[in-house]
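In what follows, a single structure is set out as structure tokens and then discussed.
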Amino acid sequence: MKMESIPSGGPMMINKLKFWKTSKDNDALEERINALKELPMPKHVAIIMDGNGRWAKKRALPRVAGHHEGMKRVRRITRLASKLGIEVLTLYAFSTENWKRPKNEVEYLMKLPGEFLGTFLPELKEENVRVQMMGYKDVLPEHTLNAVGKAITETQHNNGLILNFALNYGSRDEIVRAVKNIIHDVRAGKLDVKDITEANFSDYLMSHSLRDPDLLIRTSGEIRLSNFMLWQLAYTEFFFSDVLWPDFNEENLVEAIEVYQQRSRRYGGLKSEGEEEE
Ligand code: FPP
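Position in the sequence shown (from 1) plus 3 gives the number in the working numbering.
Shown next, in the form of structure tokens:
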């Protein structure tokens with residue numbers, strides 16, 4: 004570094020300036036967080052955490068390094084979601100299509116819930132977070148199921164944020180299974196065809212205990228749903244971010260919610276009173 008680019012005072016002064024900038028940034032973020040709390044908060048936020056592989060590639064690291072960094076972001080984003088009073092945070096951690104990836108990557112991804120919960124479960128419990136999972140358990144390795152099962156059991160009485168992992172989840176298959184189960188119940192005389200409604204169809208989905216997402220975030224610049232909560236996202240607001248998941252930070256989540264709060268949700272109807280028609 005050229006000497007003339009260092010302000011008088013040298014490296015110590017640079018550190019002080021960096022500290023000053025960081026604490027100023029933190030104050031600004033805190034202000035934005037407080038402003039968010041003045042407006043309706045999305046109650047259920049769902050995230051397609053994409054871009055781990057590209058994050059690693061940019062740094063000449065193996066893909067799994069991106070997943071590991073992505074796992075750490077899960078903790079930070081969960082912490083903020085909890086602080087904001089969001090009720091449900093659903094994270095797409097592994098899709099039914101992800102089994103097609105190389106064996107070592109799949110094995111690594113299957114170890115992440117264990118690593119994540121092994122490290123962070125005590126903190127999640129302290130923060131009153133309740134862990135849940137939606138996805139097909141039958142083909143998940145035992146160690147993955149054990150880690151998630153332990154967290155579900157140990158947090159089942161918490162009533163704060165629900166941290167819902169979509170693990171081995173696929174939406175089309177979920178819908179097909181729901182249809183089969185409805186047919187089964189009709190045949191068994193438990194349900195009359197004329198009584199099938201959107202509401203009780205939802206009861207046959209894996210998300211039956213949760214409200215539909217209000218806000219969907221997908222990171223990494225990809226603009227698609229990748230078989231994620233197709234039924235549940237019918238009226239959800241979408242926010243697509245170019246940021247790769249391992250770089251997605253508190254500020255990015257705040258921005259997504261700010262954008263959400265500026266949108267008007269009409270559910271196919273007209274704007275509510277007080278809002279101007281365009
Ligand atoms: C997609 O990125 C990401 C995944 C398939 C895995 C997401 C998993 C995590 C972020 C960690 C999960 C953590 C816990 C606690 C379960 P990609 O690999 O497709 O990225 P690319 O499109 O850049 O290749």
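Glycine residues also receive a C-beta, built at the ideal position from the N, C-alpha and C atoms.
I'd like the list of long-range same chain contacts for residue i, defined as Cβ closer than 8 Å, with 5 residues on each side in sequence excluded.
| i | result |
| --- | --- |
| Leu-148 | Lys-140 |
| Gly-163 | Ser-85, Glu-130, Asn-131, Val-132, Arg-133 |
| Asn-3 | As displayed, the chain neither begins before 4 nor continues past 281, which places residue 3 out of reach and without an answer. |
| Gly-121 | Ala-150 |
Residue i and residue j: beta carbons closer than 8 Å?
| i | j | result |
| --- | --- | --- |
| Met-136 | Ile-155 | yes |
| Lys-114 | Thr-158 | no |
| Thr-208 | Asn-167 | Note on residue identity: the sequence assigns Leu, not Thr, to residue 208. No. Outside cutoff. |
| Val-305 | Phe-242 | This structure leaves residue 305 out entirely; the chain is present only between 4 and 281. |
| Glu-240 | Arg-269 | no |
| Leu-39 | Glu-254 | no |
| Leu-124 | Val-151 | no |
| Ile-51 | Leu-87 | no |
| Ile-178 | Leu-218 | no |
Once the 5 residues before and after residue i are set aside, which same chain residues still bring their CB inside 7 Å of it?
| i | result |
| --- | --- |
| Ser-98 | Tyr-172, Gly-173, Ser-229, Asn-230 |
| Asp-53 | Arg-221, Thr-222, Ser-223, Glu-225, Trp-248 |
| Lys-256 | The residue asked about is misnamed: residue 256 is Leu in this sequence, not Lys. Correct list, in chain order: Ile-80, Leu-83. |
| Pro-144 | Met-113 |
| Leu-194 | Ile-185, Asp-188 |
| Tyr-291 | Beyond the ends of the chain as shown, which are 4 and 281, falls residue 291; an answer cannot be given. |
| Phe-119 | Met-74, Val-77 |
| Asp-176 | Thr-99 |
Cutting at 6 Å between CB atoms, please list the residues of its own chain near residue i, excluding the five before and the five after it.
| i | result |
| --- | --- |
| Glu-7 | Note that Glu-7 scores a pLDDT of 46, beneath 50, so its modelled location is shaky; the value from the coordinates is reported in the next line. Nothing listed; no residue qualifies. |
| Asp-245 | Gly-224 |
| Ile-260 | Leu-39 |
I need the DSSP call for residue i, collapsed to helix, strand or coil.
| i | result |
| --- | --- |
| Ser-244 | coil |
| Val-262 | helix |
| Ala-237 | coil |
| Ile-220 | strand |
| Ala-63 | coil |
| Ile-51 | strand |
| Gly-271 | coil |
| Asp-215 | coil |
| Ser-26 | helix |
| Glu-254 | helix |
| Lys-46 | coil |
| Met-232 | coil |
| Glu-41 | coil |
| Ile-17 | helix |
| Ile-36 | helix |
Would you call the region 83-94 in contact with the region 31-49, where contact means no fewer than 3 C-beta pairs closer than 8 Å? yes
List in chain order: all unbroken alpha helix (DSSP H) runs of 4+ residues lying wholly within the region 137-212. 145-158, 174-190, 201-205
Taking only runs that begin and end inside the region 66-141, name each unbroken beta strand (DSSP E) of 3 or more residues, in chain order. 91-98, 133-137
Pairs of beta-carbons, one from the region 57-69 and one from the region 183-200, closer than 8 Å: are there three or more? no
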